[in-house]
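Trainee: In order, the protein sequences belong to chains A and B.
The first sequence begins at 1 in my numbering and counts up one residue at a time.
The second sequence begins at 1 in my numbering and counts up one residue at a time.
For each residue, glycine too, the CB sits at the ideal point set by N, CA and C.
In this text the structure is predicted, and so the values were computed from the model without any measurement.
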Amino acid sequence: MNDSLLDKRMKGKVISVHSSRGGTGKTVIATNLAATYANKGLNIALLDLDFRAPSLTTVFSKGIRSPIKHWLNDFLDGRCTVEQALINVSEGYNLKGRLLIGLANPAIEAIRNIMEKSRAWEVTAVKKLFSLRSTLFNDMNIDCCIFDTSPGVQYSSINAVISSDISVIVTTLDALDLKGVKNMLAELYDAFEKRTVVLVNKVFPETRIWSSERQKDLISKMEKDLKHPIIGVIPCYCDVLQAKRTSLLAVDQPSHPFLRNLEEVAEKLEHAI
Amino acid sequence: MSASENKSPTLNAKVLLTRLADEFNQVNKKIDFLIELNGKMLKTQEEFLQRITNKSYSSKDIKLEPDAMALLSLPSSLRKTVMALYKLERATAEELASETKRLRAVESASANQLVRLGYLKKKREGRRVYFYIE
Chain A
1 MNDSLLDKRM
11 KGKVISVHSS
21 RGGTGKTVIA
31 TNLAATYANK
41 GLNIALLDLD
51 FRAPSLTTVF
61 SKGIRSPIKH
71 WLNDFLDGRC
81 TVEQALINVS
91 EGYNLKGRLL
101 IGLANPAIEA
111 IRNIMEKSRA
121 WEVTAVKKLF
131 SLRSTLFNDM
141 NIDCCIFDTS
151 PGVQYSSINA
161 VISSDISVIV
171 TTLDALDLKG
181 VKNMLAELYD
191 AFEKRTVVLV
201 NKVFPETRIW
211 SSERQKDLIS
221 KMEKDLKHPI
231 IGVIPCYCDV
241 LQAKRTSLLA
251 VDQPSHPFLR
261 NLEEVAEKLE
271 HAI
Chain B
1 MSASENKSPT
11 LNAKVLLTRL
21 ADEFNQVNKK
31 IDFLIELNGK
41 MLKTQEEFLQ
51 RITNKSYSSK
61 DIKLEPDAMA
71 LLSLPSSLRK
81 TVMALYKLER
91 ATAEELASET
101 KRLRAVESAS
111 ANQLVRLGYL
121 KKKREGRRVY
131 FYIE
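1. Below 8 Å, can you find three or more Cβ-Cβ pairs linking the segment 74 to 84 of chain A to the segment 259 to 269 of chain A?
2. Listed from N- to C-terminal order along the chain, which residues in the segment 81 to 114 of chain B have their beta-carbon within a distance smaller than 8 Å of any beta-carbon of chain A?
3. When you compare the CB positions of residue 31 of chain A and residue 82 of chain A, do they come within less than 8 Å of one another, or not?
4. In this structure, does DSSP put residue 137 of chain A in helix, strand or coil?
5. What in chain B is Cβ-close to residue 127 of chain A, meaning under 9 Å?
6. List the residues of chain A whose Cβ lies closer than 7 Å to the Cβ of residue 77 of chain B, in chain order.
7. Please determine, among A/19, A/55 and A/96, the residue with the shortest C-alpha to C-alpha distance to residue 39 of chain A.
8. Per DSSP, what are the beta-bridge partners of residue 149 of chain A in this structure?
9. Please state if the CB of residue 120 of chain B and the CB of residue 132 of chain B are separated by a distance shorter than 8 Å.
10. Roughly how many whole angstroms lie between the Cα atoms of residue 89 of chain B and residue 164 of chain A?
11. Check whether the segment 36 to 55 of chain A touches the segment 102 to 118 of chain A, counting contact only when three or more Cβ pairs, one atom from each stretch, lie closer than 8 Å.
12. Quick one: what's got a C-beta closer than 6 Å to residue 155 of chain A's C-beta in the same chain, skipping five residues either side?
13. Output the boundary residues of the beta strand (DSSP E) element that contains residue 181 of chain A.
14. What number of angstroms, rounded off, separates the C-alpha of residue 183 of chain A from the C-alpha of residue 47 of chain B?
15. Measure the CB-CB distance between residue 107 of chain B and residue 96 of chain B and report whether it falls below 8 Å.
16. Among the candidates A/43, A/153 and A/168, whose CA atom is the shortest distance from the CA of residue 8 of chain A?
Rendered as structure tokens:
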């Protein structure tokens, strides 16, 4: 892969990672996708927009070396700038490029506070998510920004979706997940005319899709049904499920097959943007 | 053989395109006139309401939030304008048209309708009218 080409494709782009329900592996995908791109030399900002169930503070605990002064909640409330709300964790993980993370405050008080926000505040939040592009891409030399959103249809996730360039919907093959994705695509993504791709994750070995023929067949059926491109099919790995949430696979186990699958997804995403 | 039939196909296409552009300009002017007329009618309506209710009534007073959920309930043509304004922060109908790739008149009509509904505000600066989300 030509790095300058990768740089050009991803430059100034915002990717949101979303799902219809919880438990699809959305955060594992978002964090490892960010680390994969950073390992390729890109400067990445990963923002936790799942304000109701923040998780990045735990995932990146190894890389956070000083007490957190500002949260993304503070940025959206106008109490700090986006620069102040970002933490550079690249050194902690020896990444080739810079990885900056913006964290959602996991304190119950902060979660309750977010749930009580007015519609006027939500409008300001969307404006801020749009305006952070200029700071990230022009002032901070960030190449690409990834939003890890909350699952389903709620303000924080729709705000993230409408302010991004492309959305990756992570789903399992569970009927409820698929039904939810279908509804979201029709009623949310198509309404906003957003470029959207679907990533199938946690596919059980029993489905025997591992021959390329079967995989092609599954992808073709799903694309016909969802009317959107399927960007990848990732098997369910027990060790990924059982791994500590503080383990960043892209750094701790770079040769893991999950990562190989995700690298393919990352490359397809570069072309889809 | 007539003179026009003697012209080359490129020349004929150029004449046709010039005529089409003229027609579009005429349509644009008519839409602008209708928008202006609509604005005057609304003002008359406000004045009438003010007289009969003895209360100040103005569409400028109405404020609705164009938040994500509200956007979902808007018709797609209006939603597109709000989405463009989120990106541009404030814009003229022409700037909106360049963002949405629609006609200036379409954007002008859409943005003015959103102002009347209370989702957007507009401000005149010299000869230019800027739309924005408050």
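Mentor: Reading it off the structure:
1. Not touching, per the Cβ criterion.
2. 83, 86, 87 and 89
3. no
4. helix
5. Simply 86, 89 and 133.
6. Within chain A, no C-beta atom comes nearer than 7 Å to that of residue 77 of chain B; the closest sits roughly 12 Å away.
7. A/96
8. A/49
9. yes
10. 16 Å
11. Taking a cut-off of 8 Å on C-beta distances, the segment 36 to 55 of chain A touches the segment 102 to 118 of chain A, as three or more cross pairs fall below it.
12. 122
13. Segment 175 to 184 is the alpha helix (DSSP H) holding residue 181 of chain A; no beta strand (DSSP E) there.
14. Rounded to whole angstroms, the gap between the alpha carbons of residue 183 of chain A and residue 47 of chain B is 46 Å.
15. yes
16. A/43
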